[in-house]
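At position 19 of the sequence shown the residue is numbered 26 (the numbering used here), and the sequence of numbers has no breaks. Remarks on the structure that follows.
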Amino acid sequence: IHVVEPQRSLTELGNVLLVVPEFYGLSNPINSSVLTFKTQPDVICTINVPMLGQLVVEDPESMPASDPGPRKGRHTGFTCPGNKACDHNTREFLTSGLKYQHLSPPSPEIDYIPIRVEFRDQTSRAMLETESIWIPVLIQGAMQNQPPNAAFMSTFILEVDQFILTPMTTAALDATDDETPQTQLIFNVTKPPAEGYITHLDDHTKTAFSFSWQDLNEMKIAYQPPNSSHTARRNYE
Numbered sequence: 008i009h010v011v012e013p014q015r016s017l018t019e020l021g022n023v024l025l026v027v028p029e030f031y032g033l034s035n036p037i038n039s040s041v042l043t044f045k046t047q048p049d050v051i052c053t054i055n056v057p058m059l060g061q062l063v064v065e066d067p068e069s070m071p072a073s074d075p076g077p078r079k080g081r082h083t084g085f086t087c088p089g090n091k092a093c094d095h096n097t098r099e100f101l102t103s104g105l106k107y108q109h110l111s112p113p114s115p116e117i118d119y120i121p122i123r124v125e126f127r128d129q130t131s132r133a134m135l136e137t138e139s140i141w142i143p144v145l146i147q148g149a150m151q152n153q154p155p156n157a158a159f160m161s162t163f164i165l166e167v168d169q170f171i172l173t174p175m176t177t178a179a180l181d182a183t184d185d186e187t188p189q190t191q192l193i194f195n196v197t198k199p200p201a202e203g204y205i206t207h208l209d210d211h212t213k214t215a216f217s218f219s220w221q222d223l224n225e226m227k228i229a230y231q232p233p234n235s236s237h238t239a240r241r242n243y244e
């Protein structure tokens, strides 16, 4: 996955990548070389938990400097109870010496630290701008990330009657990913059908260009056939 920055952004990834040299190891610190905020210093950011690790402050007393083993970290008051997502000042986030600690080998070579940045009015606290960003973490020695795969049990065929809005099911379309919980998978419509359109049942008058596996599993995604009638069977891809 390549995360593309928007043209107008509240944040900017730096020229230094977070790197974990080994399993269970610690990365270099998260600072302004890794990430910068293009707004006032008291903007709030919501820090979410990485999938394969946690955020810690390195404990210099946990291991002698001559010991070649993995460095250890300790939880800090900066992180949230239970290592769950919560809000922090962006200035503190970049100056607290936070590091990524790897926890789950074997694992893919890339993990992400999800962050949501909120720019609010100083007086009313009204939301002015918001943005989500994912800080990549390179885990050396881990296996290369693999793309999701189509589920072999699915038919990839949807039988539709003329004019009838027809929900899609996981029997017709499904996918798996060894690195991602299935409920978090996202499907993108890269080639819309020549006639009709894919839609979400929350508003079936609009075309859906992407949808979640959760909505697919709950039969909230459907195909709306064209209004024109045909005497012979037609196939769309």
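Cβ coordinates follow ideal geometry from the N, Cα and C atoms, glycine included. Remember, it's a predicted structure, so these values are computed and weren't measured experimentally.
Exposure label - residue i; buried when at least 16 CB within 10 Å
i, result
"SER34", "buried"
"MET175", "buried"
"ALA157", "exposed"
"SER103", "buried"
"ALA133", "exposed"
"PRO57", "buried"
"PHE218", "buried"
"ALA149", "buried"
Same chain, Cβ closer than 8 Å to residue i, five either side skipped, listed in chain order
i, result
"HIS211", "LEU172, ALA229, GLN231"
"SER236", "GLN169, PHE170"
"GLY60", "VAL27, TYR107, GLN108, HIS109, LEU110, SER111, ASP118, VAL144"
Residue range of the unbroken alpha helix (DSSP H) whose run includes residue i
i, result
"GLN221", "220-224"
"THR97", "97-102"
Continuous beta strand (DSSP E) stretch holding residue i: start and end
i, result
"SER139", "134-146"
"PRO121", "117-127"
"HIS211", "210-214"
"GLU186", "Element bounds for GLU186: n/a, residue is neither H nor E."
"ASN195", "193-195"
"ALA229", "228-231"
Residues near residue i by beta carbon distance below 7 Å, same chain, minus five either side
i, result
"LEU180", "SER161, PHE163, LEU223"
"HIS82", "With a pLDDT of only 46 at HIS82, under the threshold of 50, the placement of this residue in the model should not be trusted; the figure read from the coordinates follows. So the list reads VAL63, once near-sequence residues are dropped."
"ALA178", "SER161, THR162"
Selected residue, minimal CA-CA separation from residue i, among the options
i, options, result
"ILE146", "SER39, PRO115, ASP185", "PRO115"
"LYS227", "CYS52, ALA215, SER236, ASN234", "ALA215"
"ASP128", "GLN151, SER139, ARG241, ILE51", "ILE51"
"ILE122", "LEU62, ASN152, MET150", "LEU62"
"ASP7", "ASN152, ALA178, PHE126", "Nothing about residue 7 can be read from this structure; the chain reaches only from 8 to 244."
"ARG98", "GLU166, TYR204, PHE194, LYS45", "LYS45"
"GLN191", "LYS198, PRO199, ALA182", "ALA182"
"LEU25", "SER16, GLU65, ILE142", "ILE142"
Residue i vs residue j beta-carbon contact at 7 Å
i, j, result
"LEU105", "SER39", "no"
"PRO155", "GLU202", "no"
Residues near residue i by beta carbon distance below 6 Å, same chain, minus five either side
i, result
"ILE140", "THR18, ILE122"
"ILE37", "LEU105"
"GLY84", "With a pLDDT of only 43 at GLY84, under the threshold of 50, the placement of this residue in the model should not be trusted; the figure read from the coordinates follows. No residues qualify anywhere along the chain."
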